[in-house]
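Residue numbers (the numbering used here), protein chains in the order written: chain X, 1 to 324; chain W, 325 to 645; chain V, 646 to 931.
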Amino acid sequence: MLSVRDLTVSTGPDTAPTDIVSNVSFDVGKGEILGLVGESGCGKSLTSLAIMGLLPQPGPRIRAGHVMLAGTEVTRLQPWERVDAGQGRIAMIFQEPMTSLNPVRRIGDQIAEAVAVSEGISGAAAMARARELIELVRIPDAALQLSAYPHQLSGGMRQRVMIAIALACRPQILIADEPTTALDVTIQIQILGLLRDLCNRFEMSILFITHDMGVIAQLTDRVVVMYAGRIVETAAVDALFEHPGHHYTCALMDCMPARNLGARRLPTIPGQAPPPGSFAASCAFAPRCTAARHACRVSLPPRLRLSEEHETLCAFPLEVGSRK
Amino acid sequence: MSTPTILEIRDLKSSFSVRRSGRKYRVNAVDGVSFSLNQGEVLGLVGESGCGKTTVGRSIIRLLEPDSGSVNFKGSAVLTAGGAALRALRMNIRMVFQDPYASLNPRRSIGDSVAEAGDINRLFRGRAERASSIAATLTAVGLDPSFATRYPHELSGGQRQRVGIARSILPAPDVIIADEPVSALDVSVQAQVLNLLMDLREQLGLSIIFISHDLAVVGQISDRISVMYMGRIVESAAVRTILDDPRHPYTRALISAVPKPDPSRRITGAIETGEPPSQFNRPTGCAYAGRCSMAVGRCFVEVPRLRPLGQEDRLAACHLL
Amino acid sequence: MNLDGIALWMTPFKARPIALAGICVLLAVVLAAVFAPWLAPYDPYAIHPAIRLLPPHAGHWFGTDQFGRDTLSRAIYSARMALLIGSGVVFFALITGIPIGVFSALFPRLGHVLMRAVDVLMAFPSLLLALGLIVILGPSVANAIIAIGAGYMTTTTRIIYGLTLRLRAETYVEASRSMGAGTNWLVIRHILPNLVSPLLVQASFVFAFAQLGAASLDFLGLGAPPEIPSWGNMLAESRTFITRAPWLLFFPGSMIVFTAFSLNLVGDALRDRLDPRLRDVFRGEA
């Protein structure tokens, strides 16, 4: 459904660009939920904006690579051009619903507007469809809430409204950029369940971006791990948690409190994540990696295939079964 | 527990007024909270947004003046203290804030920020003593003493949070109230800062009130946990007791809602657990009753009191337990 | 601040060359004021009836006025008055605005009353206010400063009030309070330092408008005494000769325009410098 190949996003002058996202490649199949996980500054949000064609102008730009939506190349197309080309059925939801919703318009109007843009209907028909969508995202008292303003709704409700707007174009793929990070845990679990249901019902693919490994484990089918602008591991979610191949993935999971209940001290990853683009010709994780060898510091790590569906960007990946 | 109680909170109530659509509302953020903190222990205060946990922290040191209740620190009353006594108390109960980017004045050097408590209370006798105190404190939190001349914008989030912690231990207090100290940090940096807090607790004999919405983090660092909902404590017990065997319906819902990093234990299908009631329109009776699967008539009428549960060392506020 | 800091401050000026031109003009004005006795070719007060009302030419580049005084020399000496009035007004606005603004923000009940009083002052058009005050106080340079300053005190106070309200709610101020800081400490260590940058921008604009205000007062004869050379006075005197000797109008008028305009440009550039820096400083790397 969505195919990204060697996507590279850079800043700086054309003669000496700095790659903040480099050679990112992954696929999202039909009806699949792919998790894109990484810590702050790893480039995951920028990747999603690049896929949508929403990179801020002026600012970082796509220097190389391809984005293909249902087989059609859309890399250089602006969002409205994609709609014209018949490839507009991709939608995005963001972390902060308050800034994505217009505070002075009723939510019913905002959903109806999205409906009107994508389906060409308007007026009462659009409003009827808006009501359908509100019920679809399980907002109680749908008829009443159509005339509510965003500030009258809670965070969880606003996020559901944003999902409703995203669904207006009947997307084949939904990109969700940390949609539950700002929500309470008991609300988050409802939104995750809603997304899983929508995915099952409409065979809608989801690219779910987050920093929370717990959410990854609960929601996704396959996972892509990013570090310093590169994809360091791709795997099915079970395989990733059971035998991660990349040392960063393994270290990241090790230092989670949830995996260390009762321990006196938490394992940590020494140092901090480098700014993107600082390791153009070697492994970006090498300075912090306990298994780093000389080769890691002087050359780009290869992309090794650990098994069917499991790849890692590491010259000396963890062996299967070497984890405790 | 034979360890002495160092901080005793009784029936604390705190509210503030908010303007919404032109009308003034009174939000009872903390609605009768009582607990005690023992010497050397870490008490985790956990709850979701709007439960009042941050307000509890701010009310204890009177950043927000509570409406009623009492706070006793080593026997002396905090809420009625004035002038010099209050300043002395504030040296002994310190706070670490959540946002590493907002909690440091961008125009002051790291050294100035770290030494601020000492400067305000004129603790340093001479510049040499001040400089060496700053250096020692920075080293204690894992930062090189040369950071003292740098400015916040040169530091990462994790480093800034260490500075915030350094600021709170110079001079060393008895109690630290940590308000979501790691919530704004990445997981790998969280672990570093949590380890730092645990180390400092041992080295300096601190007692900590650790406020957070993240059950996993609170479970890692605390000895005891108190769960809050809509301004009241609903359950309180030793950390393993609560996490392994939660009894209050809200605690159980909270624990089961935390996404576990283990794909073999997935939730399938949607769970609708409702939303918290509006803070401006509190329901009578138990605040959780509207979302509770076990609620009976009494729950909607009478507020359950926090009381010991049978023989266990556990407090819970529920009519059905 | 080290050299890096200075280089950083120059970026908005490099980005907009016209702002650099503004700085040059201002520098010229300051130099003219300081070195007037050496720069001015003639004594600005000296009267030479034989050469009155001569158009600009080799000996007198700006021409002469009705008393035969050299316009160029008078224009150069007027820079002193311009600087005096400008700095005086800025000083007055700050010295009154800062205490009122900070106090009103930190003590809300009294603050509301004070800000309403400021609102009343703001309701007057600044020139009318200045005129009214000058009539009450009597025309002189010092009174002109007060009269013009009163108008700009209001905007300065409002700005400081808003800023202090915002600063008071900052987390680092809360942190200070939690360690026992009193109001004095908060004001001196946290609030005032953070006011410096926005006030610098405000000061440049006030300086600019003070020129216009002073020129207006002088033009009406209510500001500096007519003997002292100032651009406004020169304009006032040139009214009678506007058809015969337009250069008497043109040169002082242009000086006022250039100075005020340059100040505005510099103020704009300073403001541009501040906003992104504030963003960087407060948020760290993106």
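Just so it is clear, CB atoms sit at the ideal spot from N, CA and C, and this is done for glycine as well. Here the structure is a predicted model, which is why all the values come from computation and not from measurement.
Query: For the 8 Å Cβ check, are there 3 or more pairs between the segment 252 to 270 of chain X and the segment 533 to 549 of chain W?; Result: yes
Query: Mind checking the segment 471 to 491 of chain W against chain C and listing, in chain order, the residues whose C-beta falls within less than 9 Å of any C-beta there?; Result: Absence of chain C from the displayed structure is noted, the protein chains being X, W and V.
Query: Restricting to Cα atoms, I'd like to know which of SER907/V, ASP913/V and HIS702/V is closest to ALA673/V.; Result: SER907/V
Query: For the ligand SAH, is there a heavy atom less than 7 Å away from the beta-carbon of LEU759/V?; Result: No copy of the ligand SAH appears in this structure; indeed no ligand is present at all.
Query: Could you tell me which residues DSSP pairs with LYS337/W in its beta bridges?; Result: ASP355/W and SER392/W
Query: Are any of the Cβ atoms in chain W nearer than 8 Å to that of SER815/V?; Result: The amino acid occupying residue 815/V in the given sequence is Glu; Ser does not appear at that position. For GLU815/V, the answer is yes, since a Cβ of chain W falls inside 8 Å of its Cβ.
Query: Quick check on DSSP: helix, strand or coil for SER492/W?; Result: helix
Query: Taking the alpha-carbon positions, what's the GLU930/V to SER427/W distance?; Result: Below a pLDDT of 50, predicted positions are generally treated as unreliable, and GLU930/V, at 29, falls in that range; the measurement from the model is reported next regardless. When rounded, the distance between both Cα atoms is 16 Å.
Query: Along the beta strand (DSSP E) that carries ILE385/W, what are the first and last residues, could you check?; Result: Premise fails: ILE385/W is in no beta strand (DSSP E) and is neither H nor E.
Query: Chain W partners of MET253/X, CB-CB under 7 Å?; Result: PRO585
Query: My assumption, with CB atoms under 8 Å, is that LEU812/V sits in contact with LEU739/V. Please give the rounded CB distance.; Result: Incorrect: roughly 17 Å between the Cβ atoms, too far for contact.
Query: Please return the same chain residues whose Cβ sits closer than 6 Å to the Cβ of LEU467/W, not counting the five positions on each side in sequence.; Result: ARG486
Query: Going by C-alpha to C-alpha distance, which of VAL625/W, ASN519/W, LEU524/W and SER546/W sits closest to LEU266/X?; Result: ASN519/W
Query: In three-state terms, what does DSSP make of PRO838/V?; Result: helix
Query: So which residues of chain W does GLY214/X contact, with C-beta pairs closer than 9 Å?; Result: ALA540, VAL582, PRO583, LYS584, PRO585 and ASP586
Query: Between the beta-carbon of PHE737/V and the beta-carbon of MET798/V, is there less than 8 Å?; Result: yes
Query: Closer than 8 Å, Cβ to Cβ, to anything on chain V: give me those residues from the segment 497 to 514 of chain W, in chain order.; Result: none
Query: Tell me the DSSP bridge mates of GLY35/X?; Result: PHE208/X and VAL223/X
Query: Distance, Cα to Cα, GLY156/X vs LEU194/X?; Result: 12 Å
Query: Go ahead and pull the three-state DSSP assignment for ILE173/X.; Result: strand
Query: Kindly list, in the order they appear in chain W, the residues whose Cβ is closer than 7 Å to that of ARG822/V.; Result: LEU387
Query: Just the C-alpha distance for LEU782/V and GLY756/V, rounded to the nearest angstrom, thanks.; Result: 28 Å
Query: Quick check on this structure: which residue in CYS616/W, LEU367/W, ARG576/W and TYR349/W has the alpha carbon closest to the alpha carbon of VAL499/W?; Result: LEU367/W
Query: Run through DSSP, which three-state label would LYS348/W get?; Result: strand
Query: Go through its chain and collect everything with a Cβ distance to ILE51/X's Cβ below 6 Å, but skip five positions before and after it.; Result: VAL67
Query: Given a cut-off of 8 Å, decide if ILE730/V and ILE790/V are closer than it, judged by their beta-carbon atoms.; Result: yes
Query: Alpha helix (DSSP H) containing ALA455/W: first to last residue?; Result: 451 to 464
Query: With DSSP collapsed to three states, give me the class of SER861/V.; Result: helix
Query: Would you decide whether GLU819/V is buried or exposed? Buried here means 16 or more other CB atoms lie within 10 Å of its CB.; Result: buried
Query: From what residue to what residue does the alpha helix (DSSP H) around SER771/V run?; Result: 771 to 782
Query: Applying a beta-carbon distance threshold of less than 7 Å, which residues of chain V neighbour ASN445/W?; Result: GLY825
Query: Looking at C-alpha atoms only, which residue of ALA70/X, ASP14/X, GLY65/X and ALA295/X is the closest neighbour of LEU7/X?; Result: GLY65/X
Query: Going by DSSP in three states, GLU372/W sits in which element: helix, strand or coil?; Result: coil
Query: Pick helix, strand or coil for VAL21/X, following the three-state DSSP scheme.; Result: strand
Query: Going by alpha carbons, who is nearest to ARG446/W out of VAL735/V, GLY825/V, LEU773/V and LEU808/V?; Result: GLY825/V
Query: Give the DSSP bridge partners of ASP109/X, in chain order.; Result: Partner(s): none; ASP109/X has no beta bridge.
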